[in-house]
Each structure stands twice: as structure tokens, then as C-alpha cells.
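**Q** Here it is, the structure, as C-alpha cells.
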Amino acid sequence: MNSMKISLVMFFITLSFVNLSLGDLIEDVCRKSSDYKLCVESLRADPNSSSADQKGLTRIMLQLSLAKAKNIYNEVIILLQQTKEAVLKQCLQICKDNYDEAVDDITSSIEYLDANEFFFAGSFAVDATDDSSSCEDSFTEPPIRKSPLKPKSDDFLHFVEATISLINLLRNS
């Protein structure tokens, strides 16, 4: 009976070190990202991060980036259906094409990450930020219109930039 108690105590001590080291990995990786708070909050919210290595954490950030791109794309489709004004419709069509491309770019980035081709993973993630910026740029050309996507586009851009910083860590390791 006494040996069972000792075994249980040892098990829980070991378990606490495992959790501590995983928590430290998220913090260590995120400390090197372009946005520590965003990185930590995003990864801690995903249950898969608790068992992920550095590459796995980067993959989670890419998957979250992909979800954001898909959400914006779907919102653009809804806005296109609701919009009557020709210029706004034209801008939204550009955004639809851009975010369709962003979804493809992030998907490619994940595929290259999985293949340990970190240079290409980073390049495709950068392309996704260019797609988002191109969408927003369409609203600044005359006649200027207020972008209904601006807050979400800015969030996407910032999120992907933080993710790119994690990809670059893998490239440089």
C-alpha cells in the first residue's frame, strides 16, 4: 500500500513537470513572436496546443489564420448579395477574389510547413497578407468607399504577421 502511495505521488510530480514544460514551450515560442499576447492567448485557447511541439504550435496558428480567412471570405459573399451600389460591389468582388486566394495561400503554407519547407511556408503566408492588403486597397481608389471589412482585415493581417514570425523561427532553427 505504501509503495502505491509513493507511485501516485511520483506520477503527479512527473505530470506537473510535463504540464509545466508544455506551458513553457508556448511562452518561449510566443516570446519570440511579433505579438506575445496574441500568440499566447490564441494557442492556450486551442486544446491541441498542450501536446504540440514548436512546429505544431505554428501549424495551429496557421489553422487559425485559415479559419479567419474563410470567415472573411464568407462575409464578403454575404455582403456581395446584400449590396446594390456598383462601386462597393466592385470592391467587394476584388475582396472575394483576394480572400479566395488568401485561403489557398494559407492552405499551401500549411502543406509546406508539414513538409518542413519553411521558406515556402513563410512565402505563402506573406502572400496571404498581400491578398488582405489588396482587398483594403481597393476601397481607397476613387471613388473612395469605407471598407466594411477593415476591422476584420486588420485583425487577419496582424494575426498572420504573428504567425509568419513563428514560421521564421522554424526557418532559423
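Residues -23 to -1, 1 to 150 (mature numbering (1 follows the signal peptide of the UniProt record, and there is no 0)) are what the sequence shown spells out, left to right. From the three backbone atoms N, C-alpha and C, an ideal C-beta is built for every residue, glycine too. Please read these numbers as outputs of a predicted model, since none were measured by experiment.
Where do the ends of the alpha helix (DSSP H) carrying N94 lie?
**A** The sequence shown places Glu at residue 94, not Asn. Segment: none, E94 is in no alpha helix (DSSP H) and carries neither H nor E.
**Q** Tell me whether the beta-carbon of K32 lies closer than 9 Å to the beta-carbon of I54.
**A** The answer is no: Cβ separation not under 9 Å.
**Q** My understanding is that I71 touches K129, with C-beta atoms under 8 Å, so please give their C-beta distance in whole angstroms.
**A** In fact, because the Cβ distance is near 16 Å, the residues do not count as touching under 8 Å.
**Q** From S142 to N149, what does the alpha carbon distance come to, in whole angstroms?
**A** If I take the Cα positions, the gap works out to 11 Å.
**Q** Which runs of the beta strand (DSSP E) spanning at least 3 residues fall entirely within the region 17 to 74, listed in chain order?
**A** Whole beta strand (DSSP E) segments, 3+ residues: zero.
**Q** Would S115 pass as a contact of C68 if the rule is Cβ separation under 9 Å?
**A** In this structure, C68 lies closer than 9 Å to S115 by Cβ.
**Q** Spatial neighbours of L56 within its chain, please: CB distance less than 7 Å, with the 5 preceding and 5 following residues excluded, ordered by chain position.
**A** Once the five neighbours on either side are set aside, the close Cβ partners of L56 are L69, P125.
**Q** Would you report the Cα separation of E4 and K66, rounded to the nearest angstrom?
**A** Approximately 43 Å, taken between the alpha carbons.
**Q** With a threshold of 7 Å on Cβ separation, who are the neighbours of D77 within its own chain once the five nearest residues in sequence on each side are excluded?
**A** For D77, where only same-chain residues beyond five positions count, the Cβ hits under 7 Å are Y50.
**Q** Does DSSP put L134 in a helix, in a strand, or in coil?
**A** Helix at L134.
**Q** Measuring only the C-alpha atoms, how far is K45 from T106?
**A** Between K45 and T106, the C-alpha separation is close to 12 Å.
**Q** For A139, which residues from the same chain have a beta carbon less than 6 Å from its beta carbon, with the 5 sequence-adjacent residues on both sides left out?
**A** These residues qualify, in order along the chain: S10, S11, D12, L15, C16.
**Q** DSSP on K14, reduced to helix/strand/coil?
**A** Looking at K14 - three-state DSSP - the assignment turns out to be helix.
**Q** Please report the straight-line C-alpha distance between T117 and S111, rounded to a whole angstrom.
**A** Rounded to the nearest angstrom, the two C-alpha atoms are 10 Å apart.
**Q** If we ignore side chains and look at the alpha-carbon of each, how far apart do S27 and N75 end up?
**A** If I take the Cα positions, the gap works out to 33 Å.
**Q** Let me make sure I understand the geometry here. Which of F101, D132, R36, L147 has the alpha-carbon closest to that of S85?
**A** Nearest C-alpha to S85: F101.
**Q** Around the C-beta of S(-3), are 16 or more other C-beta atoms found within 10 angstroms, so that it is buried, or is it exposed?
**A** Note that S(-3) scores a pLDDT of 47, beneath 50, so its modelled location is shaky; the value from the coordinates is reported in the next line. That one is exposed.
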